[in-house]
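**Q** If you want my numbering, it's the 1-based position in the sequence shown plus 3. There's a structure below that I have some questions on.
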Amino acid sequence: MLTHVGNVGKVIRHHGDYHLGQALWTDEEDWLILDFEGEPARSVPERRRKRSPLRDVAGMLRSFAYAASAAQLQHGVEPPDGWEDACRAAFLQGYLATADPTLLPAGEQGIERLLTVFELEKAVFELRYELGNRPDWVGIPIAGIQRMLEKEL
4 MLTHVGNVGK VIRHHGDYHL GQALWTDEED WLILDFEGEP ARSVPERRRK RSPLRDVAGM
64 LRSFAYAASA AQLQHGVEPP DGWEDACRAA FLQGYLATAD PTLLPAGEQG IERLLTVFEL
124 EKAVFELRYE LGNRPDWVGI PIAGIQRMLE KEL
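The following block contains the structure:
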């Protein structure tokens, strides 16, 4: 996959653990982003390392899969058809409309390929976490891994 990405854009300081649980909607109708210390399971030097901002985007995209699946696992509520895809599309569209293009790979295909790599990396990390902490939830990262491996890039 990476051989077809080309220019991956710039590396910068990033959140490192970006997901829905780190974003709060305020009374001022704005988003407040929390917890900038990075993924707790990673070492401090690894958390300080500059990376592509698309790693954070991939984390949020994976978070939509968790929100949809958690509603079903915890409450027996099926999300509306297409909910996850709509969330992913809206978030990505908003991000790409405001992001500095020099931070990103050139072209839609390069962005999509790099996002897939980062989402796959995140899903494998999630699988390891779920196996050790919530075995009933392993289906969430497994479904994501399967979806990404079946994706034509």
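Glycine included, every Cβ here is placed at the ideal spot set by N, Cα and C.
Spell out a yes or no on whether the region 8 to 25 and the region 41 to 60 are touching, meaning 3 or more CB-CB pairs, one atom from each, closer than 8 Å.
**A** Taking 8 Å as the limit for Cβ pairs, the verdict is that the region 41 to 60 does touch the region 8 to 25.
**Q** In angstroms with no decimal places, state the Cα-to-Cα distance between Lys125 and Pro138.
**A** Roughly 17 Å separates the two Cα atoms.
**Q** Comparing C-alpha positions only, which one of Trp140, Asp33 and His22 sits nearest to Ser66?
**A** When each option's Cα is compared against that of Ser66, the closest is His22.
**Q** Can you pull the DSSP bridge partners for Trp28?
**A** Answer is Trp34, bridged to Trp28.
**Q** Taking the alpha-carbon positions, what's the Gln75 to Asp88 distance?
**A** Their Cα atoms are separated by approximately 16 Å.
**Q** Locate the alpha helix (DSSP H) running through Ala61, then write down its first and last residues.
**A** Counting along the chain, the alpha helix (DSSP H) containing Ala61 begins and ends at Leu57 to His78.
**Q** Consult DSSP for Arg52 and reduce its assignment to one of helix, strand or coil.
**A** The answer is coil: DSSP assigns Arg52 none of H, G, I, E or B.
**Q** For Leu130 versus Ile148, is the C-beta distance shorter than 8 Å?
**A** Contact flag set, yes.
**Q** Give the straight-line distance between the Cα atoms of Gly142 and Ala44, rounded to the nearest whole angstrom.
**A** About 21 Å.
**Q** Could you pull the start and end residues of the alpha helix (DSSP H) that Asp88 belongs to?
**A** That run of the alpha helix (DSSP H) goes Trp86 to Thr101.
**Q** In chain order, what residues of the same chain have a beta carbon less than 6 Å from the beta carbon of Thr183, not counting five sequence neighbours either side?
**A** Shown here, the chain extends from 4 to 156; a query on residue 183 therefore has no answer.
**Q** Beta-carbon within less than 6 Å of Leu118's beta-carbon, same chain only, minus the 5 sequence neighbours each way: which residues are those?
**A** Result list for Leu118: Leu57 and Ala61, in chain order.
**Q** Between Ala73 and Trp86, how many whole angstroms is the CB-CB distance? I'm expecting something under 8 Å.
**A** Actually they are not in contact, since the Cβ atoms of Ala73 and Trp86 sit about 12 Å apart, beyond 8 Å.
**Q** Excluding the 5 residues preceding and the 5 following Lys154 in the sequence, name in chain order all residues of the same chain whose CB lies nearer than 7 Å to its CB.
**A** Hits under 7 Å: Thr119.
**Q** In chain order, what residues of the same chain lie with their CB nearer than 7 Å to the CB of Arg16, ignoring the 5 residues before and after it?
**A** Answer for Arg16: Lys53, listed in chain order.
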